[in-house]
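According to full-length UniProt numbering, the sequence shown is numbered sequentially starting from 1.
Where is the CB? At the ideal position from N, CA and C, for every residue including glycine.
Please read all numbers here as calculations on a predicted model, not as lab measurements.
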Amino acid sequence: TRKLHYKEGEADALNNTSSILMRKGEFQIAKEKLSEAEIITKSLNDSLRLSIIYGNYGMLFGMQGKYDSSVTYFKNAIAIAETSKHATNLGSLYNGLAIGYQMKSNYQEALSYQQKSLRIAEKQNNISAQASTTLNMGNTYQRLEDTLRAEKTLLKAVELALQAGAKNVEIYSYSNLASLYQDLGEWEKDYDYAIQAAKLAKELGDTAIEAASYSKAGIALSNLERYEEAKTLIQKGMVIATTEKQPIIISQLNEAMGRTLVLQQKYKEAIPYFENCLEATQDTDQYDGNVAFINEQLAKCYEIIGNYENALIKFKKYAAIKDSIRAKENIQKATEQTMTYE
Numbered sequence: 001t002r003k004l005h006y007k008e009g010e011a012d013a014l015n016n017t018s019s020i021l022m023r024k025g026e027f028q029i030a031k032e033k034l035s036e037a038e039i040i041t042k043s044l045n046d047s048l049r050l051s052i053i054y055g056n057y058g059m060l061f062g063m064q065g066k067y068d069s070s071v072t073y074f075k076n077a078i079a080i081a082e083t084s085k086h087a088t089n090l091g092s093l094y095n096g097l098a099i100g101y102q103m104k105s106n107y108q109e110a111l112s113y114q115q116k117s118l119r120i121a122e123k124q125n126n127i128s129a130q131a132s133t134t135l136n137m138g139n140t141y142q143r144l145e146d147t148l149r150a151e152k153t154l155l156k157a158v159e160l161a162l163q164a165g166a167k168n169v170e171i172y173s174y175s176n177l178a179s180l181y182q183d184l185g186e187w188e189k190d191y192d193y194a195i196q197a198a199k200l201a202k203e204l205g206d207t208a209i210e211a212a213s214y215s216k217a218g219i220a221l222s223n224l225e226r227y228e229e230a231k232t233l234i235q236k237g238m239v240i241a242t243t244e245k246q247p248i249i250i251s252q253l254n255e256a257m258g259r260t261l262v263l264q265q266k267y268k269e270a271i272p273y274f275e276n277c278l279e280a281t282q283d284t285d286q287y288d289g290n291v292a293f294i295n296e297q298l299a300k301c302y303e304i305i306g307n308y309e310n311a312l313i314k315f316k317k318y319a320a321i322k323d324s325i326r327a328k329e330n331i332q333k334a335t336e337q338t339m340t341y342e
């Protein structure tokens, strides 16, 4: 029995260590720790522990932008957890799977799993879990360009986060509200929420969201024609994101700098930043409207400087991604699904 408990403790320690390493961007070492934990857990025939490990694999791949792998592991974790009466992590697993689907532009599936997660949180009267799920649903509505529902849902997430004292959800709600107002061209609100997110993230040591928030604040400032302030913030974010090895955030910061230079009509200078933006996500499964936008911007920049061959290549990539997403079809299906529960 002592040996059994020792093995269980070792597996848990490895699993917990992997979570810490993930947050530091040490993905390869985190994966090795998870692999060790998986081997031990399989030898114990402990399916619930294995479900938790698979969930961490899902998070690991999701943080690297490898959403196909992330979805697979979250599905495996859920398959185990759904058959057990003792699983306590099912709601968080539904949320993790939903994020993977969201990043792959499958909004119907994303909302479906977010609604499952929310029902569990409400049944348990878990305000913190309600806050995080509401936040993720707001993000999905935002991607569906349902701005009214997105704003209402994200403000509700802030309210729940403050009620629960869930600072991490509060940060991400501010960050997503900044993105929403950016999409609406409400630059003052965009800047205010982005800076709130950055300040709170810095307080809590969440360097990833701090860097991402500087990207959003930078775009807001550039649209307010405060170009030098914008560049300073973007460069500050780039130092953090590079140090923390966050490819998707590096991509966002390159995009922010590219957009700032385009607004200054410095098209030739903007091109390397947009190209770096795509390069930062080339090892990920990110294939959404944002990647389409970057290709569209590059097509315009190349056309303006007279490089028509590259302009055509980028425009074709932009068109291919937009066609594959079929956003209107996803919007219709997701809205129908949502209304069933509302």
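What is the DSSP secondary structure of residue 226, reduced to helix, strand or coil?
coil
Report buried or exposed for residue 210, applying the criterion of at least 16 other Cβ atoms within 10 angstroms of its Cβ.
buried
What number of angstroms, rounded off, separates the C-alpha of residue 243 from the C-alpha of residue 252?
15 angstroms
Pick helix, strand or coil for residue 87, following the three-state DSSP scheme.
coil
Give the list of continuous alpha helix (DSSP H) stretches no shorter than 4 residues that lie fully inside the segment 186–271.
187–204, 207–223, 227–243, 247–263
Best match in 115, 169, 224 for proximity to residue 204 [C-alpha to C-alpha]
169
When you compare each of 152, 215, 20 to residue 277 by their alpha carbons, which one comes out closest?
215
Residue 256 vs residue 219 beta-carbon contact at 8 angstroms
yes
Given this structure, state the Cα-to-Cα distance separating residue 56 from residue 130, to the nearest angstrom.
21 angstroms
The alpha helix (DSSP H) with residue 170 in it runs from where to where?
167–183
Helix, strand or coil at residue 146 [DSSP, three-state]:
coil
Quick check on the burial criterion: 16 or more other C-beta atoms within 10 angstroms. Buried or exposed for residue 6?
exposed
How many whole angstroms separate the CB atoms of residue 67 and residue 103, which I take to be in contact at a CB cut-off of 8 angstroms?
5 angstroms
Whose C-alpha, out of 259, 11, 178, is nearest the C-alpha of residue 222?
259
From residue 313 to residue 101, what does the alpha carbon distance come to, in whole angstroms?
28 angstroms
Hey, residue 48 and residue 110: beta-carbon distance below 8 angstroms or not?
no
Which of helix, strand or coil DSSP assigns to residue 99
helix
Coil, strand or helix - residue 10 by DSSP:
helix
Can you name, in chain order, every residue of its own chain whose Cβ lies under 7 angstroms from the Cβ of residue 122, other than the five neighbours on each side?
130
Would the segment 180–198 and the segment 155–162 be scored as touching if the rule is three or more Cβ pairs under 8 angstroms?
no
Return yes when at least one heavy atom of the ligand GTP lies under 7 angstroms from the C-beta of residue 64, else no.
Ligands displayed in this structure: none; no statement on the ligand GTP is therefore possible.
Please report the Cβ distance between residue 147 and residue 134, rounded to the nearest whole angstrom; I am assuming they are in contact, meaning their Cβ atoms lie under 8 angstroms.
Rounded, the Cβ-Cβ distance is 16 angstroms, inconsistent with contact.
Can you tell me whether residue 254 is buried or exposed, with buried defined as 16 or more other CB within 10 angstroms of its CB?
buried
Taking 7 angstroms as the limit between beta carbons, can you name the residues of its chain near residue 77, skipping five residues before and five after?
51, 54, 55, 58, 93
Reference residue 321; option with closest CA among 295, 139, 116
295
As assigned by DSSP and simplified to three states, the class of residue 105:
coil
Apply the 10 Å Cβ neighbour rule to residue 44 and answer buried if 16 or more other Cβ atoms are within range, or exposed otherwise.
exposed
Identify which residue in 298, 238, 240 has its Cα closest to the Cα of residue 266.
298
Nearest candidate by alpha-carbon position, reference residue 212, set 141, 175, 99:
175
Tell me the residue span of the alpha helix (DSSP H) that contains residue 289.
289–304
Return the residue from the list 143, 39, 200, 198 that minimises the CA-CA distance to residue 180.
143
Kindly indicate which three-state DSSP category residue 24 falls into: helix, strand or coil?
coil
Looking only at its chain, what residues have a beta carbon closer than 6 angstroms to the beta carbon of residue 128, apart from the 5 residues adjacent to it on each side?
164, 166
Hey, quick one: how far does the alpha helix (DSSP H) through residue 46 stretch, first residue to last?
No alpha helix (DSSP H) contains residue 46, which DSSP labels as neither H nor E.
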